[in-house]
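In the numbering used here, the protein residues as written are 489 to 747.
The C-beta atom is built at its ideal place from N, Cα and C for all residues, glycine as well.
The structure is reproduced here in C-alpha cells:
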C-alpha cells in the first residue's frame with residue numbers, strides 16, 4: 489500500500505481559501521444579464537439603475553433621465569435655448585439663463601430682454617437681469633446697442649396736451665387743445681404718450697395723430713368740417729416738420745440703455 493501524501497490536498501485547500509478571500513474584496517455591479525462589471529467607466533455609470541442618476545430632488549435644470557424600466561436608461565438633453573427648469577430648493581435666478589443642448593446651463597446673450605419679480609422690463613448682462621441705465625441725450629440713445637423701456641415708467645403728456653409754436657398761436661388761440669372750438673385733447677394726449685413710448689418711430693406717432701384728428705373732424709357737423717381740417721392739417725404739419733426735438737427728448741426720457 490502506497491503511503492498517503494497530504495500535499496495535493498493541502499494545495500487544493502489553499503487554492504480554494506485564497507480564491508474565496510479574493511472574491512470578498514471585489515467591487516462590482518450586476519447588469520441585467522447578471523454579469524459583474526467594474527464601476528468606474530462612464531459607459532457603465534450610464535447603464536446603472538436610474539436612481540443613481542437622480543439629484544436629491546429628482547430634477548435637473550436642462551436634462552432628465554429617461555428610464556427604460558429595466559434599471560437602465562439615457563440622458564435626454566433639453567434643446568438649445570430652452571428655459572431651465574426651476575427645481576425644488578434651487579434658488580438660481582434663471583431669467584438670463586438658457587439650456588445649451590448639452591444638458592448644461594449657459595448665460596443668455598447680453599442685451600436679451602428679461603424680467604424678474606422686481607424688474608418689469610430689463611436686459612441680460614453676463615447672465616444677470618439688469619435695468620440698464622438712463623440715457624443722457626439723443627446722441628447717447630443713438631449709440632446705445634440695445635434700448636429697453638424705462639423701468640417702472642408710464643409715459644405721460646404735457647399740459648396743455650396740444651402745443652403749438654409761437655408763430656401759430658395767433659391762429660390757434662389761447663386754448664391749443666380746442667382750436668376753433670374743436671376738441672383735439674385726446675388726440676394730443678395719445679401723441680405725447682406715443683412720443684414717450686420707447687422705440688416707437690416718430691412717423692408712426694405722427695400718422696396716429698393725423699388719423700385721430702381726422703376722426704374728430706369727420707364727427708363734426710358737415711358745415712364745420714372744412715374749418716376743423718384746417719386746424720388738424722396745421723397740427724399735423726407742425727409735428728412732422730418741427731416735432732423732432734420734442735420726439736428726441738421724449739425718447740431719451742422713455743428709454744433705458746443696455747450696454
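Check whether the Cβ atoms of residue i and residue j sit closer than 8 angstroms, and answer yes or no.
i	j	result
residue 564	residue 571	no
residue 726	residue 652	yes
residue 643	residue 600	no
residue 584	residue 617	yes
residue 645	residue 696	no
residue 623	residue 719	no
residue 568	residue 588	yes
residue 728	residue 694	yes
The beta strand (DSSP E) spanning residue i covers which residue range?
i	result
residue 623	Element bounds for residue 623: n/a, residue is neither H nor E.
residue 744	743-745
residue 646	Counting along the chain, residue 646 falls outside any beta strand (DSSP E), and DSSP gives it neither H nor E.
Tell me the rounded alpha-carbon separation between residue i and residue j.
i	j	result
residue 633	residue 747	6 angstroms
residue 578	residue 590	20 angstroms
residue 706	residue 721	13 angstroms
residue 629	residue 657	32 angstroms
residue 509	residue 576	Only weak support is given to the placement of residue 509: the predicted model assigns it a pLDDT of 41, under 50, and the value that follows is read from those uncertain coordinates. Each residue's alpha carbon lies about 46 angstroms from the other.
residue 517	residue 557	For residue 517, the predicted model reports a pLDDT of 30, less than 50, meaning its position is unreliable; a value from the coordinates is still stated below. Cα to Cα, the separation comes out at about 18 angstroms.
residue 709	residue 679	25 angstroms
Please report the residue range of the alpha helix (DSSP H) in which residue i lies.
i	result
residue 725	713-730
residue 658	657-660
So residue i packs on residue j, CB below 8 angstroms; how close in whole Å?
i	j	result
residue 716	residue 661	With 8 angstroms as the limit, residue 716 and residue 661 do not qualify as a contact, their Cβ atoms being about 14 angstroms apart.
residue 573	residue 609	Not quite, the Cβ-Cβ distance comes to about 24 angstroms (not below 8 angstroms), so this is no contact.
Any beta-carbon of chain B closer than 8 angstroms to the one on residue i?
i	result
residue 648	Although the question refers to chain B, the structure presented lacks it and comprises just one protein chain.
Margin query: Suppose only complete runs of 3+ residues qualify. What are the beta strand (DSSP E) ranges in the stretch 540-624, listed by chain order?
Written below: For the stretch 540-624, whole beta strand (DSSP E) runs of length 3 or above, ordered along the chain, are 551-555, 561-565, 585-587, 593-595, 610-613 and 616-618.
Next item on the list: Entirely within the stretch 663-710 and at least 4 residues each: give me those alpha helix (DSSP H) ranges in chain order.
Entry: Every unbroken stretch of the alpha helix (DSSP H) spanning 4 or more residues and falling wholly within the stretch 663-710 is given here in chain order: 673-683 and 690-707.
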